[in-house]
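Everything below concerns the one structure shown next.
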Ligand code: SF4
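Chains as they are written, first to last, in my numbering: chain A, 55 to 399; chain B, 6 to 160.
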């Protein structure tokens, strides 16, 4: 046999690590631990993590961009909710603010806003948000042709095969979710939570707005309610999760169970070589609402895993220490491959 | 990192015994003073506005201590009793220290039932997110060192 020759390093494109930041310390920690891109939002409903005390104003964003650029990372601003006719100007102004502050890209869902950004700031890089609900190469290519999007984030409902098919038929970079809380619907099309909260996540920026949440210790356990609707009740040994309707435990035909989704987290570490070979451009970590400690743990583990995978994909093994670190900070204490691995399509 | 999330560490029995006998109000005074010294200036004015007039309770389970304070005039003021604080936190001393030192993730402690939060969720989130934005590297460094020093004793 010939002497083994290492494949050229550039044969596969190295996947980028896209990490969340809800606060300036989280941004710095993500950068320090090797995030290629950090994504964040403004302090209002123009993004899908609109929570009190979270997110960036102009000053903290300017400082954040400066810090990231000095350390070789990029900053992406999520403007991924849908403006209404009466609120259009606020979203438009947010695009201008992001462009003026010098962000590296904006992550947008609304077609009108994409058109505005492409027209007004032709040099600004556009990413199609997961909230844009593009699940096929036709949809992605449409956004590419019309608005020149450079990257699209795939919804978490696609299987690996479906994602692979989309990647092979589009020139647009594809970003997929690698880790974090799951959303079982096609994002951007789910209004489930509005039945309990009166607000759609797609216009107000949250599936469980804090004002609608109540945690209460009752004789039967710790109860979580959303807009008065009992979402779940936890015994001493149970692990509570975020109170969204899709993670609720309900009585259906006399049986009490999670009809939509168990409160689990997505973790695709074991799929990395496959995702890389398919040509996935970037891996997204969910969790802008989480603390700097979470961001540090996830970024550190995923940086190491992505580097290992880029170096020697054939010999890539998920290290138990990685899984242990990630399990320690996961919602629901269980991890799944979500829809990536799914017998039915 | 995040080792704080794996094992519950309680104060050693002799410390617990002493802590339980300490008078409550002086502990609240000391705590509020500490907050004013380390955090007050770091809290954005609009956050202090939102917290104004509300009373908070921090229950240190293993010490059997409840620390009570109110936000008044943008300061943390100790109070002796409170019928219905807007928020009541419950955890052991080690976990509070780990949170303050950024050695533990609050959501993880919450998912693990090691940090219990009762009361107004909106204010709880505001407080959590505000604390996440605050940089107090010197205080955190001291806390981390202290935790390392007493770590073996806390079981
Ligand atoms: S309600 Fe659940 S499924 Fe629907 S968008 Fe929110 S997290 Fe996703």
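The beta-carbon is built from N, C-alpha and C at its ideal position, and this holds for glycine as well.
So with CB distances below 7 Å, who are the chain B contacts of residue i?
| i | result |
| --- | --- |
| residue 385 (chain A) | 116 |
| residue 258 (chain A) | Simply none; closest approach about 14 Å. |
I want to see whether chain E comes within less than 8 Å of residue i, judged by CB atoms only; does it?
| i | result |
| --- | --- |
| residue 90 (chain B) | This model lacks chain E altogether, as its protein chains are A and B. |
8 Å is my cut-off, CB to CB: does residue i come that close to chain B?
| i | result |
| --- | --- |
| residue 264 (chain A) | yes |
| residue 377 (chain A) | no |
| residue 269 (chain A) | yes |
| residue 108 (chain A) | yes |
| residue 85 (chain A) | no |
| residue 105 (chain A) | yes |
| residue 344 (chain A) | yes |
| residue 399 (chain A) | Caution is warranted here: a pLDDT of 48 is assigned to residue 399 (chain A), below 50, making its placement in the model unreliable, and no coordinate value can be reported. |
Does the separation of the CB atoms of residue i and residue j fall below 8 Å?
| i | j | result |
| --- | --- | --- |
| residue 198 (chain A) | residue 223 (chain A) | no |
| residue 229 (chain A) | residue 72 (chain A) | yes |
| residue 87 (chain B) | residue 62 (chain B) | yes |
| residue 107 (chain B) | residue 92 (chain A) | no |
| residue 255 (chain A) | residue 280 (chain A) | no |
| residue 121 (chain B) | residue 95 (chain B) | yes |
| residue 271 (chain A) | residue 123 (chain B) | yes |
| residue 157 (chain A) | residue 184 (chain A) | no |
| residue 178 (chain A) | residue 203 (chain A) | no |
| residue 148 (chain B) | residue 105 (chain B) | yes |
| residue 80 (chain A) | residue 137 (chain B) | yes |
| residue 171 (chain A) | residue 160 (chain A) | yes |
| residue 268 (chain A) | residue 126 (chain B) | yes |
| residue 343 (chain A) | residue 105 (chain A) | yes |
| residue 394 (chain A) | residue 214 (chain A) | yes |
| residue 278 (chain A) | residue 384 (chain A) | no |
| residue 107 (chain A) | residue 101 (chain A) | no |
| residue 327 (chain A) | residue 367 (chain A) | yes |
| residue 257 (chain A) | residue 88 (chain A) | no |
Using a Cβ cut-off of 8 Å (strictly closer), state whether residue i contacts chain A.
| i | result |
| --- | --- |
| residue 52 (chain B) | yes |
| residue 127 (chain B) | yes |
| residue 122 (chain B) | yes |
| residue 112 (chain B) | yes |
Check the Cβ of residue i against every Cβ in chain B and list those closer than 8 Å, keeping chain order.
| i | result |
| --- | --- |
| residue 77 (chain A) | 134, 137, 138 |
| residue 80 (chain A) | 137 |
Residue i by DSSP, collapsed to three states: which one?
| i | result |
| --- | --- |
| residue 229 (chain A) | strand |
| residue 127 (chain A) | coil |
| residue 44 (chain B) | coil |
| residue 390 (chain A) | strand |
| residue 267 (chain A) | strand |
| residue 73 (chain A) | strand |
| residue 196 (chain A) | helix |
| residue 383 (chain A) | coil |
| residue 106 (chain A) | coil |
| residue 286 (chain A) | strand |
| residue 436 (chain A) | This structure gives no information on residue 436 (chain A), because the portion of chain A shown stretches from 55 to 399. |
| residue 159 (chain A) | strand |
| residue 52 (chain B) | helix |
| residue 219 (chain A) | helix |
| residue 370 (chain A) | coil |
| residue 71 (chain B) | strand |
| residue 87 (chain B) | coil |
| residue 175 (chain A) | coil |
| residue 81 (chain B) | strand |
| residue 336 (chain A) | strand |
| residue 342 (chain A) | coil |
Along chain A, in chain order, which residues have C-beta atoms closer than 8 Å to that of residue i?
| i | result |
| --- | --- |
| residue 109 (chain B) | 347 |
| residue 147 (chain B) | Correct list: empty, because the minimum Cβ distance to chain A is about 18 Å. |
Which chain B residues sit within Cβ distance under 9 Å of residue i?
| i | result |
| --- | --- |
| residue 293 (chain A) | 116, 117, 118 |
Could you work out which residues of chain A lie near residue i, taking near to mean beta carbons separated by less than 7 Å?
| i | result |
| --- | --- |
| residue 131 (chain B) | 106, 107 |
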